[in-house]
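Take any residue in the sequence shown, count from 1 to its spot, add 17: that is its number in this note's numbering. For glycine and all other residues, C-beta sits at the position ideal for the given N, C-alpha and C. As the structure is a computational prediction, the values presented were derived from the model and not from experiment.
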Amino acid sequence: MTELIQIPWSPFCLVQRRILEFSGAPFKTINVPPSDRSLIWRLTRHRYYQVPILKDGRNVIFEIDDYSQVIAKYLETKLQLGLFSADWDGIQRLIWRYIENEIEGLTFKLNDAYYREFVPASEHLQYVRFKERKFGRGCLDQWFQQQKQLLAELAERLTPFPARFPAALRRF
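This is how it looks when you write it as structure tokens:
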């Protein structure tokens with residue numbers, strides 16, 4: 018059985034989970050706390066510590082760079098989902114970079130602003146520490162206060178997408 022090893026609130030993991038759900042294929046999720054990634058480290062033979070990873074029998078699949086889409090392409094091939102048409106290959110590479118640079122950053126901020134609702138209390142300190150080391154002290158409260166502005170910016174950046182995606186992508 019396919020296993021998705023994830024941090025349940027990670028937006029990186031959400032995409033892969035939605036692909037699996039969309040496929041209708043059976044899968045299992047294994048949740049790891051962000052403070053203990055030893056399972057990921059062990060499964061990837063000390064080559065990777067990020068989420069998500071996919072374990073499919075003896076195969077352990079993980080991303081090789083910020084734009085690789087290795088897991089999604091593996092699932093597409095295995096489950097024959099038609100998500101990555103060869104006709105769109107070059108355009109998809111450009112879109113991934115745009116989404117991961119211009120859109121994903123905003124969605125992370127909007128998600129992270131509500132960390133108290135989905136991160137277990139025992140993980141709050143590590144979560145706040147990680148975010149503030151990367152984005153500055155008080156960033157989570159700032160993002161919470163800036164929600165309307167962040168949502169407006171996100172809507173603007175998403176405007177070009179609905180009519181331009183292939184039918185397979187609109188199903189999500």
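Proximity below 9 Å, CB of residue i to CB of residue j
i: Gln67; j: Phe29; result: yes
i: Ile24; j: Val49; result: yes
i: Glu96; j: Ala42; result: Note that residue 96 is Leu in the sequence shown here, rather than Glu. Against a cut-off of 9 Å, the Cβ pair of Ala42 and Leu96 comes out as a contact.
i: Ile22; j: Leu60; result: yes
i: Tyr65; j: Glu117; result: no
i: Leu127; j: Gln164; result: yes
Residue environment, residue i, which counts as buried when at least 16 other CB atoms sit within 10 Å
i: Lys148; result: buried
i: Arg181; result: Note that Arg181 scores a pLDDT of 48, beneath 50, so its modelled location is shaky and nothing firm can be said.
i: Ala169; result: exposed
i: Gln33; result: buried
i: Arg110; result: exposed
Close-in-space but distant-in-sequence residues of the same chain around residue i (CB under 8 Å, 5 per side omitted)
i: Ile120; result: Leu171, Arg174, Leu175
i: Asp53; result: none
6 Å CB neighbourhood of residue i in its chain, flanking five on each side removed
i: Pro51; result: Ile24
Same chain only: Cβ atoms within 7 Å of residue i, ignoring 5 sequence neighbours per side
i: Val136; result: Trp26, Tyr144
Boundaries of the beta strand (DSSP E) in which residue i is found, first to last residue
i: Thr19; result: 19 to 23
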